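Protein chains in written order, with this note's numbering: chain F, 1 to 364; chain Z, 1 to 517.
Now the structure itself:
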């Protein structure tokens with residue numbers, strides 16, 4: 001158990017941008033929502049998963065809708081009490097703690113605000129260890145967990161809970177309600193008991209985000225080696241490429257951002273070529289025709305000078321980036337995990353081979 | 001009839017006099033003084049003496065100044081203000097100025113978030129809470145506050161609540177209260193737009209003092225027939241009255257004026273402009289004759305904002321950049337510099353520091369100071385240093401390009417002699433003898449403009465009609481800003497589809513510009 005204040009939130013947000021692996025949305029507005037709540041109500045208690053009783057109700061909090069609308073309306077602050085009331089009366093027991101469903105991007109921040117406003121603890125766990133684009137892409141799906149009963153509330157005080165027969169219906173209904181409520185709502189989903197959370201959750205991910213954020217912030221203060229060596233050491237990252245963006249091909253299909261970014265090698269990679277494919281998040285990295293990393297391992301593009309993460313929507317010609325691979329949560333590497341988030345699910349016709357094996361040939 | 005252009009930068013105050021055919025008659029460079037006023041007086045007096053022009057024949061005087069940026073960064077002369085946001089029950093989770101530094105946050109005497117605002121489609125989110133607004137303004141009045149920032153959720157879609165609140169504010173606090181409303185200042189993104197509005201509100205005294213100071217200095221010098229304008233950061237002009245209402249729009253007008261001046265001197269309407277100073281080099285892009293706008297949030301004095309700013313990058317390379325040879329044989333240039341002390345410290349000026357300028361003189365690229373003072377430098381070392389300088393410039397050019405196609409490059413600024421006539425990625429590299437005062441020229445030749453921006457669902461209003469309406473709106477705004485209607489042209493049209501919005505919603509933005517009346 002420890003406390004999360006404003007300094008910790010700053011680092012977690014920066015780490016969350018890295019764990020977004022190109023997607024997840026800009027954590028900026030989420031960060032302000034968390035800071036606003038902590039300024040008003042004081043720091044949040046962060047629990048280790050094992051500190052949560054097995055039968056306690058743990059509820060992930062997230063936002064649903066358009067990031068640009070969140071950027072206008074933010075949140076009211078009263079949503080979390082409404083969510084609490086709806087969910088705890090549905091289950092007939094109090095909520096013990098909140099948690100993030102994804103560690104990457106804006107949704108890493110909102111559960112901190114919820115915890116601060118209601119004086120409840122936050123659990124150091126999530127269901128991805130990164131960001132993914134679709135609702136069912138959480139480790140809890142592997143354990144048989146369900147996104148519904150899902151609660152949606154808006155800032156005006158409207159709330160609803162629905163149960164659905166498939167995830168497709170959940171997406172359908174959630175989208176309709178979200179639009180009717182003004183395009184950005186707060187939700188709780190995959191509500192679960194402590195025992196289930198401990199068995200399937202990605203433990204320690206909030207702490208890892210904070211550590212990554214702090215490492216990026218302080219990378220230039222290193223006394224041993226270059227900032228790049230320091231960055232790779234702390235993130236336990238594999239260096240895959242260093243290059244200048246030569247072109248970005250984009251396409252919006254079914255609400256997702258698809259695309260491919262072409263890189264021309266610089267410094268020690270001069271004369272070599274690479275490309276990164278993405279669907280909201282980065283999916284694959286190919287260097288000189290050789291696949292070096294695929295989902296579900298994390299592919300992160302960071303600025304070569306500042307090591308700040310570069311999300312897919314900020315990719316543009318001429319930007320110089322370091323492409324880094326990070327190992328995903330082990331459960332994603334099982335058959336069940338790969339069925340949900342492996343390369344084939346995203347239409348990439350290749351078997352999943354772990355990052356560290358693909359990079360054995362002396363790279364990294 | 002003559003035009004007088006003045007640019008007050010951090011180090012220098014430049015002035016130029018231009019005739020009616022837009023030819024440069026005289027130009028001078030003087031040091032900027034702490035209060036700016038004396039520096040302006042000095043520069044204007046010198047340029048008038050140099051030209052011998054009858055001062056009553058000066059019809060227009062344009063000033064570009066960094067004073068607003070300095071005020072924010074140095075936290076000086078900022079006015080106490082009130083901050084009101086319309087948007088509850090939405091947005092309350094982020095109180096105004098939540099992540100501002102405490103010393104800057106202290107400018108807000110009082111702040112509140114009250115009922116009001118709209119949804120993304122223009123539906124009312126909550127009715128405007130007029131009673132609460134009145135109470136807030138009454139409180140400000142009692143505390144002696146004279147400037148108020150008003151923001152509103154989705155005011156970029158509908159500004160009615162902001163306008164109604166502004167009317168209430170005038171009713172309670174008096175007609176002379178200074179009001180900044182967010183829909184006239186920023187774009188999508190409530191917090192960044194509100195931040196820009198707050199800064200604008202806090203700058204009203206700064207704007208008042210530099211507009212009055214400029215008018216007074218001209219009057220003192222006998223320039224009595226000139227209409228006075230201020231440079232904005234999009235490369236166009238505004239009247240004194242407009243500058244007092246929107247002082248924040250002067251921020252970063254210096255690089256903008258350089259870009260416009262460079263474009264004018266070289267007759268290129270699409271190019272990358274490299275402005276080399278003593279310590280840093282600014283790169284910007286001229287697109288259809290106007291500076292390209294930045295597409296990302298811009299941070300000023302630690303505050304994240306989203307009002308329009310030129311897309312400019314700065315690198316640590318200038319005429320005074322210090323050149324060093326390292327034990328491993330590598331040669332570095334900058335980012336530290338002797339700055340304005342170059343005329344004492346550089347080798348070619350009998351100093352003891354090897355600067356980028358000395359390298360250019362050694363290689364015969366420039367004729368400056370005493371060449372014999374640099375001839376002891378090893379030629380291989382000088383070539384290596386020049387390779388470093390060239391690589392810095394070429395990397396920066398690359399960062400400003402939108403594709404790998406070669407572009408035209410214009411070099412301006414006092415330090416541009418350190419760059420070679422050929423650069424990778426550049427189709428042509430152009431220099432002009434007057435390039436040293438490109439910023440003041442840019443200020444003098446500027447037009448006036450208007451920008452119209454709105455979200456439109458093309459399913460409800462077809463694209464053609466939406467664009468026509470936006471163009472008419474932009475022309476109307478340009479004329480209101482002082483342009484002659486017959487000369488107004490549409491200079492930029494942009495419609496961006498918005499992901500996640502229902503229907504086919506696009507952000508439509510049109511800019512028009514014309515000559516001054």
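Glycine included, each C-beta is placed from N, C-alpha and C at the ideal position. A quick note: this is a predicted structure, and the numbers were derived from the prediction, not measured.
Would you call the CB atoms of residue i and residue j closer than 8 Å?
i                     : j                     : result
residue 274 (chain F) : residue 241 (chain F) : yes
residue 317 (chain Z) : residue 392 (chain Z) : yes
residue 244 (chain F) : residue 153 (chain Z) : no
residue 455 (chain Z) : residue 156 (chain Z) : yes
residue 71 (chain F)  : residue 189 (chain Z) : yes
residue 93 (chain Z)  : residue 13 (chain F)  : no
residue 508 (chain Z) : residue 495 (chain Z) : yes
residue 327 (chain F) : residue 355 (chain F) : yes
residue 185 (chain Z) : residue 196 (chain Z) : yes
residue 17 (chain Z)  : residue 73 (chain Z)  : no
If you follow the alpha helix (DSSP H) that residue i is in, where does it begin and where does it stop?
i                     : result
residue 357 (chain Z) : 356 to 362
residue 389 (chain Z) : 379 to 400
residue 220 (chain F) : Neither: residue 220 (chain F) is in no alpha helix (DSSP H) and is coded neither H nor E.
residue 208 (chain Z) : 204 to 220
residue 263 (chain F) : Element bounds for residue 263 (chain F): not the alpha helix (DSSP H) but the beta strand (DSSP E), 256 to 265.
residue 56 (chain Z)  : Per DSSP, residue 56 (chain Z) belongs to no alpha helix (DSSP H) and is neither H nor E.
residue 44 (chain F)  : No alpha helix (DSSP H) holds residue 44 (chain F); the beta strand (DSSP E) holding it covers 44 to 47.
residue 136 (chain Z) : 130 to 142
residue 244 (chain Z) : 240 to 245
What is the DSSP secondary structure of residue i, counted as helix, strand or coil?
i                     : result
residue 197 (chain F) : helix
residue 226 (chain F) : coil
residue 29 (chain Z)  : strand
residue 161 (chain Z) : helix
residue 107 (chain F) : helix
residue 42 (chain Z)  : helix
residue 354 (chain F) : coil
residue 116 (chain Z) : coil
residue 87 (chain F)  : helix
residue 180 (chain F) : helix
residue 15 (chain F)  : helix
residue 364 (chain F) : Bear in mind that the predicted position of residue 364 (chain F) carries a pLDDT of just 40, short of 50, making it unreliable; the figure below should be weighed with that in mind. Note: residue 364 (chain F) maps to coil in three-state DSSP.
residue 93 (chain F)  : coil
residue 544 (chain Z) : Lying before the first or after the last residue shown, residue 544 (chain Z) is absent from chain Z, which here runs from 1 to 517.
residue 234 (chain Z) : coil
residue 56 (chain F)  : coil
residue 469 (chain Z) : helix
residue 330 (chain F) : helix
With distance defined between alpha-carbon atoms, name the residue in the options nearest to residue i.
i                     : options                       : result
residue 276 (chain Z) : Z:483, Z:411, Z:35 and Z:247  : Z:411
residue 9 (chain F)   : F:64, F:48 and F:115          : F:115
residue 31 (chain F)  : F:226, F:7 and F:54           : F:7
residue 138 (chain Z) : Z:128, Z:110, Z:310 and Z:239 : Z:110
residue 20 (chain Z)  : Z:7, Z:38, Z:58 and Z:417     : Z:58
residue 262 (chain F) : F:252, F:268, F:247 and F:271 : F:247
Which residues in chain Z sit within 9 Å of residue i, going by Cβ to Cβ distance?
i                    : result
residue 35 (chain F) : 94, 98 and 99
residue 61 (chain F) : Going along chain Z, no residue has its Cβ under 9 Å from residue 61 (chain F), so there is no contact; the nearest lies around 13 Å.
For a contact defined as C-beta to C-beta under 8 Å, what are the partners of residue i on chain F?
i                     : result
residue 188 (chain Z) : 68, 71 and 72
residue 154 (chain Z) : 72 and 73
residue 127 (chain Z) : Chain F residues near residue 127 (chain Z): none, gap ~12 Å exceeds 8 Å.
residue 449 (chain Z) : Per Cβ cutoff of 8 Å: no residues; residue 449 (chain Z) is ~26 Å from chain F at best.
Taking residue i as part of the beta strand (DSSP E), name the residues at either end of that continuous run.
i                     : result
residue 23 (chain Z)  : Careful: residue 23 (chain Z) lies outside any beta strand (DSSP E) and carries neither H nor E.
residue 321 (chain Z) : 321 to 325
What residues of chain Z sit near residue i, judged by a beta carbon separation below 8 Å?
i                     : result
residue 244 (chain F) : 398
residue 371 (chain F) : Lying outside 1 to 364, the shown extent of chain F, residue 371 (chain F) is not represented and no answer is given.
residue 279 (chain F) : Simply none; closest approach about 14 Å.
Using a C-beta to C-beta distance shorter than 7 Å, which residues of chain Z count as neighbours of residue i?
i                     : result
residue 155 (chain F) : 89 and 90
residue 81 (chain F)  : What residue 81 (chain F) touches in chain Z: nothing, since even the nearest Cβ is about 12 Å away.
Who are the neighbours of residue i on chain F, taking C-beta pairs under 7 Å?
i                     : result
residue 143 (chain Z) : Result: empty, since nearest Cβ-Cβ is about 23 Å, beyond 7 Å.
residue 445 (chain Z) : Ordered by position in chain F, no residue passes the 7 Å Cβ test against residue 445 (chain Z), which lies about 30 Å from the chain.
residue 286 (chain Z) : Under the 7 Å cutoff, chain F gives no residues; its nearest Cβ is about 17 Å from residue 286 (chain Z).
Shorter than 8 Å from the beta carbon of residue i to some beta carbon of chain B?
i                     : result
residue 289 (chain F) : This model lacks chain B altogether, as its protein chains are F and Z.
List the residues of chain F whose Cβ lies closer than 9 Å to the Cβ of residue i, in chain order.
i                     : result
residue 452 (chain Z) : The contacting residues do not exist; residue 452 (chain Z) stays about 20 Å from chain F at best.
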